[in-house]
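S.K.:
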Amino acid sequence: SQTIHQWPATLVQPVGSPLSLECTVEGTSNPNLYWYRQAAGRGLQLLFYSVGIGQISSEVPQNLSASRPQDRQFILSSKKLLLSDSGFYLCAWSRIAGRTDTQYFGPGTRLTVL
Amino acid sequence: QKEVEQNSGPLSVPEGAIASLNCTYSDRGSQSFFWYRQYSGKSPELIMFIYSNGDKEDGRFTAQLNKASQYVSLLIRDSQPSDSATYLCAVLSGGSYIPTFGRGTSLIVHP
Numbered sequence: 216s217q218t219i220h221q222w223p224a225t226l227v228q229p230v231g232s233p234l235s236l237e238c239t240v241e242g243t244s245n246p247n248l249y250w251y252r253q254a255a256g257r258g259l260q261l262l263f264y265s266v267g268i269g270q271i272s273s274e275v276p277q278n279l280s281a282s283r284p285q286d287r288q289f290i291l292s293s294k295k296l297l298l299s300d301s302g303f304y305l306c307a308w309s310r311i312a313g314r315t316d317t318q319y320f321g322p323g324t325r326l327t328v329l
Numbered sequence: 065q066k067e068v069e070q071n072s073g074p075l076s077v078p079e080g081a082i083a084s085l086n087c088t089y090s091d092r093g094s095q096s097f098f099w100y101r102q103y104s105g106k107s108p109e110l111i112m113f114i115y116s117n118g119d120k121e122d123g124r125f126t127a128q129l130n131k132a133s134q135y136v137s138l139l140i141r142d143s144q145p146s147d148s149a150t151y152l153c154a155v156l157s158g159g160s161y162i163p164t165f166g167r168g169t170s171l172i173v174h175p
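Going line by line, the protein sequences match chains A and B.
One point on numbering: in this note's numbering, the residue at position 104 of the first sequence is 319, and numbering is uninterrupted.
One point on numbering: in this note's numbering, the residue at position 84 of the second sequence is 148, and numbering is uninterrupted.
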């Protein structure tokens with residue numbers, strides 16, 4: 216079976232500090248990978264997605280970046296955090312199941328920027 | 065721009081009742097439809113998906129799709145307090161792997 220891991224689970228960082236969130240998927244190969252952010256009381260915002268190693272597409276211009284150094288590893292980074300970066304960060308992977316591409320979410324990282 | 069609309073709620077139903085959650089979408093090219101459940105402070109978990117018109121049943125959950133009217137719904141039979149959560153609707157267009165999510169409907173099942 217497939218599992219997806221994210222760490223850390225929670226993080227409190229000062230404004231201007233760097234960020235690195237990691238996501239790994241087990242039990243599948245060549246998954247599509249996604250980073251979402253969910254701000255308090257708001258919907259899911261797609262930040263980045265990747266269809267393969269080194270292939271990153273950005274949905275929203277901001278001070279965040281993503282990398283995929285290995286097939287099942289997806290990293291979200293920032294050089295300098297802003298207050299507005301606070302939120303619940305979700306990694307997801309997808310695969311073809313039947314006729315459709317189904318997304319499965321990791322447990323998430325709750326980031327608070329102070 | 066593709067849009068997915070859900071009533072934010074909260075929808076409050078008594079225990080044992082049927083909860084009906086609705087979702088409308090704007091893209092007529094949409095082909096796959098998903099329902100996720102998200103407990104407070106947790107990540108979304110997939111309940112079920114549907115891509116053919118009509119009903120699809122899985123335990124106490126039934127997804128209903130009407131492509132002509134561009135809506136999809138989720139029925140929860142015999143609602144339990146443990147069903148209290150936010151339910152997210154997601155829609156995927158043909159040829160795409162980026163779903164559009166609604167903002168979710170908050171469901172409260174009271175004893």
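Note that the Cβ used here is the ideal one computed from N, Cα and C, for glycine as well.
(1) Who are the near neighbours of residue 266 of chain A in its chain, counting only those whose CB is closer than 7 Å to its CB and skipping five residues on each side?
(2) Counting only Cβ pairs nearer than 8 Å, list the residues of chain B close to residue 318 of chain A.
(3) List the residues of chain B that residue 239 of chain A touches, going by C-beta distances under 8 Å, in chain order.
(4) Can you round the beta-carbon distance between residue 170 of chain B and residue 73 of chain B to whole angstroms, since I take them to be within the 8 Å contact cut?
(5) Compile a chain-ordered list of the residues in the stretch 251-262 of chain A whose CB is closer than 8 Å to at least one CB of chain B.
(6) For the putative contact between residue 83 of chain B and residue 146 of chain B, defined by C-beta atoms under 8 Å, what is the C-beta separation to the nearest angstrom?
(7) Looking at the structure shown, is residue 299 of chain A part of a helix, part of a strand, or coil, going by DSSP?
(8) Check whether chain A comes within 8 Å of residue 141 of chain B, counting only Cβ atoms and requiring the distance to be less than that.
(9) With 7 Å as the limit, tell me which residues of the stretch 110-124 of chain B have their beta carbon closer than that to any beta carbon of chain A; keep them in chain order.
(10) By DSSP's criteria, residue 172 of chain B is part of a beta bridge. Which residues make up the other side?
(11) At the 8 Å Cβ level, is residue 265 of chain A part of the contact set with chain B, yes or no?
(12) Looking at the structure shown, is residue 145 of chain B part of a helix, part of a strand, or coil, going by DSSP?
(13) Tell me the residue span of the beta strand (DSSP E) that contains residue 104 of chain B.
(14) If you draw a straight line from the C-alpha of residue 287 of chain A to the C-alpha of residue 240 of chain A, how long is it?
(15) Between which two residues does the beta strand (DSSP E) harbouring residue 279 of chain A extend?
(16) Indicate the three-state DSSP secondary structure (helix, strand or coil) for residue 128 of chain B in the structure shown.
(17) Would you call the stretch 160-175 of chain B and the stretch 125-137 of chain B in contact, with 3 or more CB pairs under 8 Å?
(18) Output the distance between the C-alpha atoms of residue 300 of chain A and residue 326 of chain A, rounded to the nearest integer angstrom.
(19) Give the secondary structure of residue 82 of chain B by DSSP, where H, G and I count as helix, E and B as strand, and everything else as coil.
(20) Around the C-beta of residue 249 of chain A, are 16 or more other C-beta atoms found within 10 angstroms, so that it is buried, or is it exposed?
(21) Check whether the stretch 129-136 of chain B and the stretch 88-95 of chain B are in contact - that is, three or more C-beta pairs closer than 8 Å.
(22) By a C-beta neighbour count over all protein chains shown, 10 Å radius and 16 as the cutoff for buried, is residue 136 of chain B buried or exposed?
M.R.: This is what the structure gives:
(1) Along the first sequence, one-based indexing puts residue 266 of chain A at 51. Correct list, in chain order: 247.
(2) Here the question's residue 318 of chain A lines up with position 103 in the first sequence. Result: 98, 110, 154, 163.
(3) As a first step, residue 239 of chain A must be located in the first sequence, where it is residue number 24. Correct list: empty, because the minimum Cβ distance to chain B is about 15 Å.
(4) By 1-based counting over the second sequence, the position of residue 170 of chain B is 106. By 1-based counting over the second sequence, the position of residue 73 of chain B is 9. Residue 170 of chain B to residue 73 of chain B, Cβ: 4 Å. Contact.
(5) 257, 258, 259, 261
(6) For the purposes of this step, residue 83 of chain B is identified with residue 19 of the second sequence, where counting begins at 1. For the purposes of this step, residue 146 of chain B is identified with residue 82 of the second sequence, where counting begins at 1. The pair is not a contact, with the Cβ atoms about 12 Å apart (cut-off 8 Å).
(7) Locating residue 299 of chain A in the first sequence gives position 84, where the first residue counts as 1. Looking at residue 299 of chain A - three-state DSSP - the assignment turns out to be helix.
(8) Locating residue 141 of chain B in the second sequence gives position 77, where the first residue counts as 1. By this cut-off, residue 141 of chain B is not an interface position.
(9) 110, 113, 115
(10) Stepping through the second sequence from its first residue, residue 172 of chain B is reached at position 108. Per DSSP, B:76.
(11) For the purposes of this step, residue 265 of chain A is identified with residue 50 of the first sequence, where counting begins at 1. Answer no: the Cβ-Cβ gap between residue 265 of chain A and chain B never drops below 8 Å.
(12) Here residue 145 of chain B refers to the residue found at position 81 of the second sequence. Looking at residue 145 of chain B - three-state DSSP - the assignment turns out to be helix.
(13) Indexing the second sequence from 1 puts residue 104 of chain B at position 40. From DSSP, residue 104 of chain B is part of no beta strand (DSSP E); its letter is neither H nor E.
(14) Position 72 of the first sequence, counted from the first residue, corresponds to residue 287 of chain A. Position 25 of the first sequence, counted from the first residue, corresponds to residue 240 of chain A. Distance between the alpha carbons of residue 287 of chain A and residue 240 of chain A is about 5 Å.
(15) By 1-based counting over the first sequence, the position of residue 279 of chain A is 64. Looking at the DSSP string, the run of the beta strand (DSSP E) that includes residue 279 of chain A is 279-285.
(16) Indexing the second sequence from 1 puts residue 128 of chain B at position 64. Strand at residue 128 of chain B.
(17) no
(18) Position 85 of the first sequence holds residue 300 of chain A. Position 111 of the first sequence holds residue 326 of chain A. The straight-line gap from Cα to Cα measures roughly 8 Å.
(19) Position 18 of the second sequence, counted from the start, is the residue given in the question as residue 82 of chain B. The answer is coil: DSSP assigns residue 82 of chain B none of H, G, I, E or B.
(20) Translated into positions along the first sequence, residue 249 of chain A becomes position 34. It is buried - the Cβ of residue 249 of chain A has at least 16 other Cβ atoms within 10 Å.
(21) yes
(22) Reading the second sequence from its first residue, position 72 is the one you call residue 136 of chain B. By the 10 Å Cβ count, residue 136 of chain B comes out buried.
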